[in-house]
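K.L.:
Have a look at this one before I ask anything.
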Amino acid sequence: MRLEGIHHITAITADARSNVDFYARVLGLRLVKKTVNQDAPSVYHLFYADEQGSPGADITFFEFPGAVRGRAGAGMVHTVVWRVGSAEALDFWERRLAGEGVETARGARSLSFADPEGLGHELLVADVPDQPLIADHPEVPGELALQGFHAARAYAADPSASAALVAEHLGFAPVEDGDEAPGRIGASAVYEVRGERRGGLWIYDAPPAEPGREGAGTVHHIAWASEMDDHESWRERAIAGGARPTEVIDRFWFRSIYFREPSGVLFEIATLGPGFDADEDPAHLGEKLVLPPRFEPLRDQIEATLTPIENPRG
Ligand code: ZN
602 MRLEGIHHIT AITADARSNV DFYARVLGLR LVKKTVNQDA PSVYHLFYAD
652 EQGSPGADIT FFEFPGAVRG RAGAGMVHTV VWRVGSAEAL DFWERRLAGE
702 GVETARGARS LSFADPEGLG HELLVADVPD QPLIADHPEV PGELALQGFH
752 AARAYAADPS ASAALVAEHL GFAPVEDGDE APGRIGASAV YEVRGERRGG
802 LWIYDAPPAE PGREGAGTVH HIAWASEMDD HESWRERAIA GGARPTEVID
852 RFWFRSIYFR EPSGVLFEIA TLGPGFDADE DPAHLGEKLV LPPRFEPLRD
902 QIEATLTPIE NPRG
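To get my numbering, take the position in the sequence shown, counting from 1, and add 601.
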C-alpha cells in the first residue's frame, strides 16, 4: 500500500477574482470546480488543475474575503513546487511573469515567485517518469505548461518529530543527504512519496524566526493521494502512528480524512476518485457554481453573497 504522491494543496485567498486571474489566466491552469466551502457555504472553494482535473495537479483555495495577509512559519507549507519540462519553459515563465509584473528568481533548474498574496511557488525542471498533467491555455504552449506538483516545502523546527509518523506509518521514503534530488539542497529533511503511478517530494526546511500566521497567501493543508480501496487502512495507519484523524468525510469528488502531523502541518488523505466529473460534464468543468446537494435549496442566497468571478474560459 503506497500513497500516490500529492493529491491537492489547499490555500487561502482574500480575493477570489484576482485568484482566478492569476491561477487560470496567468499560470494557465484550468478552473475545474467552482464551489463553496462545505463547512461555510457563504465563501468560495476554487479548484484549479490540469485539463482532466487530476489529483497531482490540483491547487485549491478557500476564499475568506478581506482576510489579512498571512505568513508561513513553523508547521506550515511555504512553497509549492511544480514540474516543467525544460529550461525553455523556465525562460517562457520568466518572461510571462515579468510581463504581469511578478518578480521571479532564477536558479539553475528552477524559477521562484510568489502569487499576488505572497504564496511561494517554484517551477522546477524535474526528471521523473510521471505523466505530465497539463491544462490547455491559448497563450501557453503545452510543452511549456506546468505539469503538476513535484514537491511541497514546509517549515519545521524539529522535523525528526514527524519522522516516525511519515516514514514508518505513512510510507514516506527518506531521501538521504547526497542523493540526487532537486530541491534537496538546504533542506532539513526530505521524503519521497511515490506510488505506482505518481510521486512527489515532501520537504522540511528550517523555519524563520517569526512565527507563522494563517491568512491570505498561506497554505491551509496538503492532501496525499490514496487508492480508493486503501483509504480506511490509511486511517488506521495514521492512528497507529499517533495521529488523530477525522472520520472519513465524503467530499463528493473524493473522500477525505484529516489530521495534523507532529510538526504542525494539516495533512489530508484523499481518494483518487470519483473525480471532478462526478457531477459535471468533463467538457464544462468549473463553468457554473456547483453546490453540495444539501445547499442546493439555498442557491439564490448563496450566489447573492459570493463575489462574481469570471472563468477566463467563459
Ligand atoms: Zn483538501
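Here a beta-carbon is modelled for each residue, glycine too, at the ideal position from N, C-alpha and C.
Predicted, not measured: the structure shown is a model, and the values here were computed from it.
Got a sec? Which residues, its chain only, sit under 6 Å from residue 711 by beta carbon, not counting five neighbours each side?
P.N.:
Position 110 of the sequence shown holds residue 711. Closer than 6 Å at Cβ, skipping near neighbours: 723, 725.
K.L.:
For residue 609, is the beta carbon positioned less than 7 Å from some heavy atom of the ligand ZN?
P.N.:
Counting from 1 along the sequence shown, the entry for residue 609 is found at position 8. Checking the Cβ of residue 609 against the ligand ZN gives yes.
K.L.:
Indicate whether the contact test is met: 3 or more Cβ pairs, each with one atom in the stretch 661-668 and one in the stretch 610-623, closer than 8 Å.
P.N.:
yes
K.L.:
For residue 755, count the other beta carbons within 10 Å of its own beta carbon; 16 or more makes it buried, fewer makes it exposed. Which is it?
P.N.:
Here residue 755 refers to the residue found at position 154 of the sequence shown. Label assigned to residue 755: buried.
K.L.:
With a threshold of 7 Å (Cβ to nearest heavy atom), would residue 646 be considered close to the ligand ZN?
P.N.:
Locating residue 646 in the sequence shown gives position 45, where the first residue counts as 1. No.
K.L.:
Does at least one heavy atom of the ligand ZN sit under 7 Å from the Cβ of residue 641?
P.N.:
Looking up residue 641 in the sequence shown gives position 40. No, since every heavy atom of the ligand ZN falls outside the 7 Å radius drawn around the Cβ of residue 641.
K.L.:
Are the beta-carbon atoms of residue 849 and residue 610 separated by less than 8 Å?
P.N.:
Taking the first residue of the sequence shown as position 1, residue 849 is located at position 248. Taking the first residue of the sequence shown as position 1, residue 610 is located at position 9. Going by C-beta atoms, residue 849 is not nearer than 8 Å to residue 610.
K.L.:
So which of 718, 758, 699, 685 has the shortest CA-CA distance to residue 744?
P.N.:
For the purposes of this step, residue 744 is identified with residue 143 of the sequence shown, where counting begins at 1. Ranking 718, 758, 699, 685 by CA distance to the CA of residue 744 puts 685 first.
K.L.:
Looking only at its own chain, which residues have a Cβ that is under 7 Å from the Cβ of residue 829, when we skip the five neighbours before and after it?
P.N.:
Within the sequence shown, residue 829 is the residue found at index 228, counting from 1. So the qualifying residues of the chain are 872, 873, 874.
K.L.:
Quick check on this structure: which residue in 908, 642, 838 has the alpha carbon closest to the alpha carbon of residue 604?
P.N.:
Position 3 of the sequence shown, counting from 1, holds the residue named residue 604. Comparing Cα positions, the closest option is 838.
K.L.:
Can residue 766 and residue 862 be called in contact, C-beta distance under 8 Å?
P.N.:
Taking the first residue of the sequence shown as position 1, residue 766 is located at position 165. Taking the first residue of the sequence shown as position 1, residue 862 is located at position 261. Yes; because the gap between Cβ atoms is below 8 Å, this pair is in contact.
K.L.:
Pick helix, strand or coil for residue 625, following the three-state DSSP scheme.
P.N.:
The residue given as residue 625 occupies position 24 in the sequence shown. Under the three-state reduction of DSSP, residue 625 is assigned to helix.
K.L.:
Assess, as a yes-or-no matter, whether the stretch 644-656 is touched by the stretch 621-636 under the definition of 3 or more beta carbon pairs within less than 8 Å.
P.N.:
yes
K.L.:
Assess contact between the stretch 840-858 and the stretch 696-716, defined as three or more Cβ pairs (one per stretch) separated by less than 8 Å. Is contact present?
P.N.:
no
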